[in-house]
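**Q** Encoded as structure tokens, here's the structure I'll be asking about.
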Amino acid sequence: MNTLTKAIPYMDLVSLAALLVAAWYLFFGREGIVGSRVKWMVWMIVLLLMFNSLSNSLEWLRITAVLDTMEDYSALFLPVFYFFVIFIFLQELGFAEVKHLRNYLTNVFDSMPSMLVGVDARGRVTQWNSTAAQKTGLRLEEAKGQALSEVYPLLSDQLEHLRYAVEQGKVYVEPRIPRNLDGETRFDDLTIYPLVENGVQGAVIRLDDVTERARIENVMVQTEKMMSVGGLAAGMAHEINNPIGVILLSVQNILRRVSDDLPANEAAARECGTSLDAVRAYLERRSILEFLRDIEIGGRRASEIVENMLQFSRRTESGMIPEDLARVITDTIALARSDYDLKKKYDFKNIQLETDFAEGLASVPLIRIEFEQVLLNLFKNSAQALSTAVGGAQRQPALSAAAGGAQRQPTLSAAAGGRPPKLTIRTERQEPWAVITVTDNGPGIAESVRKRVFEPFFTTKPVGEGTGLGLSVSYMIITIHHKGQLELSSVPGKGTTFTIRIPLERAAGDSAPTTEAHDG
Amino acid sequence: MEIQQNEIVVFILMLGVLIFYVGTYAQSRRFPGWKLFLISFSILTAGFFFTNIEGVFYQILHLHGLAEASNILEHSCYVVSAIVLALWSRSVFGRRSDRS
Numbered sequence: 005m006n007t008l009t010k011a012i013p014y015m016d017l018v019s020l021a022a023l024l025v026a027a028w029y030l031f032f033g034r035e036g037i038v039g040s041r042v043k044w045m046v047w048m049i050v051l052l053l054m055f056n057s058l059s060n061s062l063e064w065l066r067i068t069a070v071l072d073t074m075e076d077y078s079a080l081f082l083p084v085f086y087f088f089v090i091f092i093f094l095q096e097l098g099f100a101e102v103k104h105l106r107n108y109l110t111n112v113f114d115s116m117p118s119m120l121v122g123v124d125a126r127g128r129v130t131q132w133n134s135t136a137a138q139k140t141g142l143r144l145e146e147a148k149g150q151a152l153s154e155v156y157p158l159l160s161d162q163l164e165h166l167r168y169a170v171e172q173g174k175v176y177v178e179p180r181i182p183r184n185l186d187g188e189t190r191f192d193d194l195t196i197y198p199l200v201e202n203g204v205q206g207a208v209i210r211l212d213d214v215t216e217r218a219r220i221e222n223v224m225v226q227t228e229k230m231m232s233v234g235g236l237a238a239g240m241a242h243e244i245n246n247p248i249g250v251i252l253l254s255v256q257n258i259l260r261r262v263s264d265d266l267p268a269n270e271a272a273a274r275e276c277g278t279s280l281d282a283v284r285a286y287l288e289r290r291s292i293l294e295f296l297r298d299i300e301i302g303g304r305r306a307s308e309i310v311e312n313m314l315q316f317s318r319r320t321e322s323g324m325i326p327e328d329l330a331r332v333i334t335d336t337i338a339l340a341r342s343d344y345d346l347k348k349k350y351d352f353k354n355i356q357l358e359t360d361f362a363e364g365l366a367s368v369p370l371i372r373i374e375f376e377q378v379l380l381n382l383f384k385n386s387a388q389a390l391s392t393a394v395g396g397a398q399r400q401p402a403l404s405a406a407a408g409g410a411q412r413q414p415t416l417s418a419a420a421g422g423r424p425p426k427l428t429i430r431t432e433r434q435e436p437w438a439v440i441t442v443t444d445n446g447p448g449i450a451e452s453v454r455k456r457v458f459e460p461f462f463t464t465k466p467v468g469e470g471t472g473l474g475l476s477v478s479y480m481i482i483t484i485h486h487k488g489q490l491e492l493s494s495v496p497g498k499g500t501t502f503t504i505r506i507p508l509e510r511a512a513g514d515s516a517p518t519t520e521a522h523d524g
Numbered sequence: 060m061e062i063q064q065n066e067i068v069v070f071i072l073m074l075g076v077l078i079f080y081v082g083t084y085a086q087s088r089r090f091p092g093w094k095l096f097l098i099s100f101s102i103l104t105a106g107f108f109f110t111n112i113e114g115v116f117y118q119i120l121h122l123h124g125l126a127e128a129s130n131i132l133e134h135s136c137y138v139v140s141a142i143v144l145a146l147w148s149r150s151v152f153g154r155r156s157d158r159s
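Same order as they appear, the protein sequences are chains A and B. With the working numbering as the guide, the letters of the first sequence map in order to residues 5 to 524. With the working numbering as the guide, the letters of the second sequence map in order to residues 60 to 159.
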């Protein structure tokens with residue numbers, strides 16, 4: 005045993021050597037693996053243990069009186085430092101987790117497409133996601149602590165609702181709040197979620213841009229209405245056709261029965277004690293025959309209008325059939341001339357119309373109703389542009405495209421320069437296409453607008469005056485239904501040309517010609 | 060050989076810290092090189108345990124010629140604890156090349 009006892013100082017020296025190795029790693033080792041405070045605690049442990057080992061070694065060398073006393077008391081600090089190593093580590097771990105959680109929640113908050121704003125009970129911003137920063141141009145650091153009405157004035161009207169939601173602990177919802185963005189009206193759905201748990205007083209405000217959804221809903225409602233009105237109009241047209249037929253037939257009978265071609269007329273006049281010549285002389289002197297001819301012309305015109313209406317309101321279930329392009333265009337022009345809406349705003353009759361129809365386009369395959377719809381849209385668009393130019397500043401800045409299509413820029417200088425408003429419609433045969441161009445000498449379309457005219461819902465018109473679908477629907481009809489192309493070219497101040505290309509022949513399976521369609 | 064009060068106090072405190080370590084195991088195990096650190100600490104606590112055993116049972120141990128054995132056990136624990144602590148330092152602070 006004595007031999008073993010003599011080994012104890014050497015064992016302490018081995019301990020000291022091991023602790024020196026530990027100290028070496030602590031001093032020269034990697035940084036950042038544990039926090040600096042933890043590292044300091046480990047340093048203290050290593051130093052204390054080194055001191056213990058050293059003093060033990062020296063004790064066995066019998067020169068240890070003072071060190072022995074120090075060792076007794078220094079050892080008391082060992083458990084303290086050991087405790088703090090893990091205690092501090094756990095504390096830092098907690099901080100790290102809180103930080104991680106905060107980052108995670110911030111990421112979740114920022115990833116939301118909605119505008120999310122956290123506010124306290126007094127309406128001061130506490131949180132602000134990236135969508136909010138994007139919309140307002142203010143970062144969270146800039147918005148934090150500010151009054152909501154200052155950083156987002158559009159919500160200043162909502163402070164009462166915010167207070168109500170917080171006090172009552174109830175969710176407040178207000179749909180379709182309009183706001184103006186660069187002259188365009190957009191709609192937001194507002195939801196205020198109160199925060200009343202765990203003594204936190206405040207709310208989260210969520211704003212969703214529902215403009216597109218609102219537009220689609222409006223269009224659906226409008227379409228539904230149009231379908232009802234279309235059905236009604238078709239029914240009315242049928243009903244009107246009958247009295248018009250009676251009027252026309254009666255007028256024709258009257259004219260026939262006062263003409264000198266029929267011997268029965270002369271006989272009947274004689275039986276009444278007069279002559280047919282006297283009757284005719286009276287009728288002519290009193291312009292009654294002229295009135296009758298006017299009634300006949302008017303009746304025929306009314307009949308034509310009703311026929312066009314019926315044709316336009318018919319469903320497009322019919323497939324493509326060969327049509328005479330010139331005839332289709334002429335009919336559509338007649339329809340445009342009688343369109344009440346068109347007349348009300350910019351009378352089509354005031355526009356000088358020039359047509360130039362090429363030969364060899366008498367049987368172009370197309371869906372007539374849809375093609376007429378496209379032409380009508382383009383005519384209306386041109387009429388609107390021309391009225392803008394001619395009417396000058398007295399007119400509204402720009403009227404809408406066809407059935408609510410894209411709106412022309414309110415450039416009033418262009419065609420107003422003394423030129424009469426003119427619309428030119430040409431057809432041309434360019435294998436494998438039938439080409440129709442609709443050209444006006446209006447103010448033209450600005451580049452920024454031109455890029456977007458075929459986009460659905462693109463309109464700069466005031467809310468409720470258009471759906472922004474006219475040209476996009478036209479584009480769809482030409483490119484998808486007819487496998488053709490619809491292009492727009494415009495020179496500001498000189499005019500605009502819409503070019504339609506439709507295949508001259510239907511390929512097998514309705515496949516389109518190889519040339520790519522313009523994407524508008 | 061008499062019982063030293065400070066050694067008893069140190070041992071009791073070490074025992075308390077060991078309980079704290081075990082009690083917070085779910086979180087503490089995320090401490091880098093946790094196993095080596097815990098082993099080193101446990102062996103050090105065992106060293107203090109043998110110190111106190113030596114003081115308390117000195118007469119009996121001395122009678123059976125085992126007093127020095129206890130002392131050797133105590134210092135052996137210190138040596139092993141220091142070596143494990145060095146290994147822990149190497150595993151945590153050592154560069155990759157040091158450990159390869």
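Ideal placement from N, C-alpha and C gives every residue a C-beta, glycine not left out. Nothing here was measured: the structure is a model prediction, and the numbers come from that model.
1) Report the partner residues of residue 335/A according to the DSSP bridge assignment.
2) Span of the beta strand (DSSP E) holding residue 156/A?
3) Taking the alpha-carbon of residue 102/B as reference, which of 128/B, 83/B, 140/B and 68/B has the nearest alpha-carbon?
4) Which chain B residues sit within Cβ distance under 9 Å of residue 190/A?
5) On the criterion of 16 or more Cβ atoms from any shown chain inside 10 Å, does residue 35/A qualify as buried, or is it exposed?
6) Please tell me whether residue 444/A and residue 499/A are closer than 8 Å, where the distance is taken between their beta carbons.
7) Over what stretch of residues does the alpha helix (DSSP H) that includes residue 139/A continue unbroken?
8) Which partner residues does residue 426/A have in the DSSP bridge list?
9) Identify whether residue 83/B lies in helix, strand or coil by the three-state DSSP scheme.
10) Between residue 122/A and residue 166/A, is the Cβ-Cβ spacing less than 8 Å?
11) Under 8 Å between the Cβ atoms of residue 380/A and residue 336/A?
12) Can you grab the Cα-Cα spacing for the pair residue 278/A / residue 293/A, in whole Å?
13) Looking only at its own chain, which residues have a Cβ that is under 8 Å from the Cβ of residue 128/B, when we skip the five neighbours before and after it?
14) So residue 9/A contacts chain B; which residues on that side make the cut at Cβ distance below 8 Å?
15) Starting from the beta carbon of residue 59/A, find every residue of chain B whose beta carbon is closer than 8 Å, and list them in chain order.
16) May I have the straight-line CA-CA distance separating residue 15/A from residue 134/B, to the nearest angstrom?
17) With respect to the beta strand (DSSP E) encompassing residue 365/A, which residues constitute its N-terminal and C-terminal limits?
18) Applying a beta-carbon distance threshold of less than 8 Å, which residues of chain B neighbour residue 83/A?
19) At the 8 Å Cβ level, is residue 87/A part of the contact set with chain B, yes or no?
20) So, are the CB atoms of residue 190/A and residue 161/A less than 8 Å apart?
21) Determine, using beta carbons only, whether residue 153/B comes closer than 8 Å to chain A.
22) Name the residue from 221/A, 284/A and 306/A whose alpha carbon lies nearest to the alpha carbon of residue 240/A.
23) Given this structure, state the Cα-to-Cα distance separating residue 194/A from residue 208/A, to the nearest angstrom.
24) Taking any Cβ of chain B, which residues in the segment 18 to 29 of chain A have a Cβ under 7 Å from it, in chain order?
25) Can you have a look at residue 187/A and say buried or exposed, based on whether 16 or more other CB atoms are within 10 angstroms of its CB?
26) If you follow the alpha helix (DSSP H) that residue 281/A is in, where does it begin and where does it stop?
27) Between the segment 86 to 104 of chain B and chain A, which residues of the former have a C-beta closer than 7 Å to a C-beta of the latter?
28) Looking at the secondary structure, which residues open and close the beta strand (DSSP E) in which residue 212/A lies?
29) When you compare the CB positions of residue 80/B and residue 106/B, do they come within less than 8 Å of one another, or not?
30) Assign residue 291/A to buried or exposed, taking buried as 16 or more other Cβ atoms, counted over all protein chains shown, within 10 Å of its Cβ.
**A** With the structure as the only source:
1) In DSSP, residue 335/A forms no bridge with anything.
2) Where residue 156/A is concerned, there is no enclosing beta strand (DSSP E), given that its DSSP letter is neither H nor E.
3) 140/B
4) What residue 190/A touches in chain B: nothing, since even the nearest Cβ is about 50 Å away.
5) exposed
6) yes
7) 134 to 140
8) 356/A
9) coil
10) no
11) yes
12) 18 Å
13) 120
14) 127, 130 and 131
15) Residues of chain B passing the Cβ test: none, with the nearest at roughly 12 Å.
16) 7 Å
17) Here residue 365/A belongs to no beta strand (DSSP E), and DSSP marks it neither H nor E.
18) 69, 72, 73, 75 and 76
19) yes
20) no
21) yes
22) 306/A
23) 11 Å
24) 18, 19, 22, 23, 25, 26 and 29
25) exposed
26) 280 to 289
27) 86, 87, 89, 90, 91 and 100
28) 206 to 213
29) no
30) exposed
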